[in-house]
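A quick write-up on the structure given underneath.
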Amino acid sequence: MRRKRLQHAADNLCQMLCGWRLANSYADLQRLGSGTLTIDVLTAASRFNGQPVPDLSIAGELQAWFNAELARERINREEIVEATVIADLVLSPIERRQRRTRSQYFEPSGRHANPGAFWALDLRCSSEIRTDEKLYAGASVDREEWPDGWPQS
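The opening position of the sequence shown corresponds to residue 158 in my numbering, with each subsequent residue numbered one higher.
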């Protein structure tokens with residue numbers, strides 16, 4: 158078993174959840190609010206505060222990346238007992254002048270979006286990949302901010 162690659166995967170899963178790949182799930186997270194999100198990376202099933210939630214884009218992205226990583230490194234999927242990402246989410250509305258990040262947003266027309274209201278999401282993420290021999294763990298912390306109603310269609 159390639160232990161370094163599984164540690165790398167555990168680290169990457171957290172970084173992916175706490176990064177730009179989360180953008181396609183902003184609207185879903187806005188609807189869910191603050192709480193604990195658990196994603197089973199092997200099945201892409203998600204739970205929020207212990208309750209099942211409909212498919213989240215980020216869960217599918219994590220699963221697709223993990224499956225590709227296993228294939229690329231020739232790690233047998235059957236050797237993975239569990240792969241889970243857990244994120245504690247604190248979501249709050251903020252005014253534009255309260256923003257701490259520098260992310261820019263654009264309307265579908267290409268014009269710079271300039272809304273007055275934003276959402277701030279503070280994430281504390283952990284991941285675990287378990288084989289029958291060992292547990293690999295990762296962690297990451299991040300803050301995401303986006304305009305109310307993002308992404309626009």
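All C-beta atoms, glycine included, are put in the ideal place defined by N, C-alpha and C. Note that the structure is predicted; figures quoted are calculated from it, not measured.
Whether residue i touches residue j by CB criterion (8 Å)
i      : j      : result
Ser191 : Leu246 : yes
Leu174 : Ala244 : yes
Ile196 : Val238 : no
Environment of residue i [buried if 16+ CB atoms lie within 10 Å]
i      : result
Leu213 : buried
Gly295 : buried
Trp303 : buried
Ala167 : buried
Val198 : buried
Ser266 : exposed
Glu252 : exposed
Leu340 : For the chain, the structure presents residues 158 to 310; residue 340 sits outside this window and is missing.
Coarse secondary structure for residue i, derived from DSSP in three states
i      : result
Arg257 : coil
Ile286 : strand
Asp212 : coil
Glu230 : coil
Arg300 : strand
Arg162 : helix
Trp307 : coil
Ala201 : coil
Gly207 : coil
Given residue i as reference, the closest of the options once Cα atoms are compared
i      : options                        : result
Arg188 : Ile232, Glu226, Ser249, Ile196 : Ser249
Arg178 : Gln164, Ala216, Lys291         : Ala216
Gln255 : Thr241, Ala244, Phe275         : Phe275
Ala201 : Ala180, Leu278, Ala184, Leu170 : Leu170
Heavy atom of the ligand NAP within 7 Å of residue i beta-carbon
i      : result
Trp276 : As far as ligands go, the structure on display features none, and thus does not contain the ligand NAP.
Legend entry - Three-pair Cβ contact test at 8 Å for the region 205-212 versus the region 222-242: no
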